[in-house]
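2 protein chains.
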Amino acid sequence: MPVPRYSLDALTEFTVRVFRHHGVPEADAQQAADVLRAGDRRGIDSHGVARLLAYHRKLDAGVTNPAPQIRVVRELPGTATVDGDNGLGLVVGPAANRIAMDKAQAVGSGWVSVCNTNHFGIAGYYVLEALKQDLIGWAMTNASRLVVPLWGAERRLGTNPIAVGFPALEEPPIVIDMATSTVPYGKIEMARRLGQSIPHGWGIDAEGQSTTDPAAVVEGGGLVPLGGERERSGHKGYALSGMVDVLSGVLSGANWGPFTPPFGLGLEGGETRVGKGIGHCFGALQVAGFRDPLSFKQEVDHWIRTMRGTAPATGTNGPLVPGDPERIAAAERERDGVPLSPAVLADLRTVAHETGVPFD
Amino acid sequence: MPVPRYSLDALTEFTVRVFRHHGVPEADAQQAADVLRAGDRRGIDSHGVARLLAYHRKLDAGVTNPAPQIRVVRELPGTATVDGDNGLGLVVGPAANRIAMDKAQAVGSGWVSVCNTNHFGIAGYYVLEALKQDLIGWAMTNASRLVVPLWGAERRLGTNPIAVGFPALEEPPIVIDMATSTVPYGKIEMARRLGQSIPHGWGIDAEGQSTTDPAAVVEGGGLVPLGGERERSGHKGYALSGMVDVLSGVLSGANWGPFTPPFGLGLEGGETRVGKGIGHCFGALQVAGFRDPLSFKQEVDHWIRTMRGTAPATGTNGPLVPGDPERIAAAERERDGVPLSPAVLADLRTVAHETGVPFD
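If you're matching them up, the sequences are chains P and S in order.
Residues in the first sequence are numbered consecutively from 47, following our numbering.
Residues in the second sequence are numbered consecutively from 47, following our numbering.
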């Protein structure tokens, strides 16, 4: 049976109505739905409507604030800390990102760290917003513990993604959007469900040893940082994950490391708190603060074409440029709609049932 | 026979006199030697006096400018592009980094991209300078081609390092300093010399296939980006390397990617030029622009202790914190001096012979 597909517009309309149902102000409901749409559109299925049930449950339980008073608690011309008042990260994130972009437009560079916020969708969304203004953009967030530091046998860090975008002229922009773990947790869960083994370098067991058994990763083990074991420089992925955690969590006064609360109710993590909510960090640079923007974008085109023009490794079509897979997915999903798995469909029907917002 | 050791002061004195011999102004000679000293001190032997012969040869041949007029060619309060006038990167880098730090002190965040410069030593040096001012610091540089993009069979990128530093209070600071390739080229050359095989995930052969033969990497192959093959997310290391290249090379108007010139005469790379010299990028953030600096540093201490307190993986002593290995090496080298291999000693004696500066 083919997986049913739903149009982006239909999913967005449903999402807006669900947020509205919870008392999220109209503009914020539209904003939050726009971020989720970007995840579904770009093929990052784990970060689109697949998370709507979790958002719904937290709003329903009064755990997330539907109408936050987002405020700047400290700032300089090129920096700010934003307190998200425990709102949806899908609303707080875009507001804080706009502050970073405004600062970049004013003084050339703007960096904003955010506390008291929640899961913010795909990191790539924020740099795509920066690209609309021809800004170089960064977005990072910490997340609940899934990843072990190199040589550790306990989960201490999230998959802490980094997104970075560079505008191009005729070519599509460079859009990096990557977790700092080798793979997302979903890949481990999927292998476990299918009874498959996983490659070495994805996860460790409860003793901190590399394992090919996904169940051992889920039950007491954890994901490894990009690189994996020491021999392949897993300390580098750990360092990058730590950088994201400090910029997002420690710098803003949010929770960090093992204290970071989970994105959904009843999930592991953050039983002890050291700050407020989770943390994000946004950065923006004005290209004109460095170089004529037109010549910069022309040269980014040249960079992109140079990488694409690399002689291909045998058995491949040659290098891609960061952002290519998501762009290809976006074209396909705009044309054909978003495929929803039976599990996600069931979740959305639960949301529909519990909110009275019609689905299907 | 034990490897002879030389005191940091003796090596610094020799280095200063060599640069002085080439007409490098006194303050610049001291500055350049200070950067090289940091490499030797912190145990990054490939980036200390081991490179002095290459600097000497380029100055001797008139290829590097001993007395550059370093200037800001474009700026905003939080950004600048610096033209290094083809000076030593060991002099241009520190000057540009100071501009980034001054901007962070003025408006909270400062980012400086640098063109027309040369090899700048260890990236970690620059964030240690930022830490002296309690700033969060970044340093990046591009470098000549050694690394293949994922799915490529040609070298297109350098080992393009990223350094980031966060100040702590009672604990030593977090100092990340990492190449974006899985391993440095020196590890491949070393294995080849010793007739040893290398692990999968370090390099590819001329067809772009993973290889355990170091000779295949050296002869027509290349290093792989952090992560290695696709299954272990080599696209992420490639993306990070690309980020460094665009921020350092493209943004400043330097050369980038395969066009980046090599650090020494007669080495491969950069036969075609698309800009001026190599490129660096420095960033600095003022902690007080986000949060009370004392409470931030206390919380960084807590972060560090939390990571150190992770249950250790079997067979290890548990996680380190980025910067630990270099700090341990520094204590040892300050006490016992810097071990110099026969090859490096021979190089330094060549420098001594050609400049008339006494060594030993």
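Note that the Cβ used here is the ideal one computed from N, Cα and C, for glycine as well.
Beta-carbon proximity list for residue i, same chain, < 8 Å, skipping 5 on both sides
i      : result
S/V403 : F60, R63, V64, H67, V397
S/A252 : A199, A262, E265, G266, G267
S/R202 : R191, V193, V194, P195, G303, P304
S/H93  : L82, G85, G167, I168
S/A107 : L311
S/P278 : The displayed chain sequence assigns Arg, not Pro, to residue 278 of chain S. Excluding positions up to five away in sequence, the list reads G247.
P/G280 : L196, V270, P271, L272, G273, G274
S/L410 : Examination of residue 410 of chain S is not possible in this model, given that chain S is present from 47 through 406 alone.
Cβ-based neighbour list, residue i, same chain, cut-off 7 Å, excluding 5 preceding and 5 following
i      : result
S/P339 : D180, V333
S/R276 : L196
P/V367 : I220, I350, M353, R354
P/Y172 : G139, N143, G183, A185, A209, F328
P/R238 : P260, A261, V264
S/S159 : T127, L293, S294, L297, S298, G325, C327
P/P71  : A113
Interface residues of chain P facing residue i [CB-CB closer than 8 Å]
i      : result
S/I234 : Under the 8 Å cutoff, chain P gives no residues; its nearest Cβ is about 14 Å from S/I234.
S/E253 : A359, T360
S/G364 : W197, G198
Any chain S beta carbon closer than 8 Å to residue i
i      : result
P/L181 : no
P/V346 : yes
P/E217 : no
P/V290 : no
P/R8   : Residue 8 of chain P falls outside the range modelled here, since chain P spans only 47 to 406, and no answer is possible.
P/G303 : yes
P/R319 : no
P/R202 : yes
Contacts of residue i in chain P (Cβ-Cβ under 7 Å)
i      : result
S/Q332 : L122, T125
S/A285 : I222, M224, P368
S/V229 : S279
Buried or exposed by the 16-neighbour rule on C-beta atoms within 10 Å, applied to residue i
i      : result
S/M186 : buried
P/R379 : buried
S/L240 : exposed
S/E372 : buried
S/I374 : exposed
S/T360 : exposed
S/E24  : What the structure shows of chain S is the stretch from 47 to 406, and residue 24 of chain S is not part of that stretch, so it cannot be assessed.
S/H326 : buried
P/M289 : buried
S/E235 : exposed
S/H399 : exposed
P/T318 : exposed
P/L313 : exposed
S/P308 : buried
S/D382 : exposed
S/D129 : buried
Listed by chain order, chain S residues near residue i by CB distance under 8 Å
i      : result
P/F342 : V296, L297
P/G156 : G124, S155
Neighbouring residues, chain S, relative to residue i (Cβ below 7 Å)
i      : result
P/E277 : P245
P/V153 : L122, P123, G124, V153
P/S159 : F336
Within chain P, the residues that residue i reaches when beta carbons sit closer than 9 Å
i      : result
S/M147 : Within chain P, no residue comes near S/M147; the closest Cβ sits about 13 Å away, beyond 9 Å.
S/I250 : A359
Sequence-distant residues of its chain with Cβ nearer than 6 Å to residue i (five each side left out)
i      : result
P/A78  : F65, L134, L136, V137
P/A330 : A146, M147, A150, G156, A176, L181, G183
P/P213 : L177, D180, P219, K343
Chain B within 8 Å of residue i, Cβ atoms only
i      : result
P/V210 : Checking the listed chains, one finds no chain B in this structure; the protein chains it contains are P and S.
C-beta neighbour in chain P for residue i, strict 8 Å
i      : result
S/K282 : yes
S/L272 : yes
S/M353 : yes
S/V193 : no
S/T356 : yes
S/G316 : no
Near the ligand GDP: residue i beta-carbon under 7 Å from a heavy atom
i      : result
P/E200 : This structure lacks the ligand GDP; in fact it carries no ligand of any kind.
Within the stretch 136-183 of chain P, ranges of the beta strand (DSSP E) (whole runs, at least 3 residues)
Complete beta strand (DSSP E) runs here, min 3: 155-163.
Mind pulling the beta strand (DSSP E) runs of 3 or more residues that sit fully within the stretch 265-345 of chain S?
If one requires a minimum length of 3 residues, the beta strand (DSSP E) runs lying completely within the stretch 265-345 of chain S are 324-332, in chain order.
For the stretch 217-267 of chain S, list the alpha helix (DSSP H) runs that are entirely contained and at least 4 residues long, ordered along the chain.
If we require 4 residues or more, the alpha helix (DSSP H) runs fully inside the stretch 217-267 of chain S come out as 231-240, 260-264.
Every unbroken alpha helix (DSSP H) within the stretch 369-406 of chain P, with a cutoff of 4 residues, ordered by chain:
Counting whole runs of 4 or more residues, the stretch 369-406 of chain P contains the alpha helix (DSSP H) stretches 370-382, 388-401.
What are the complete beta strand (DSSP E) segments, minimum 3 residues, inside the stretch 91-135 of chain P?
Counting only runs of 3+ residues, the beta strand (DSSP E) found wholly inside the stretch 91-135 of chain P occupies 117-122, 125-129, in chain order.
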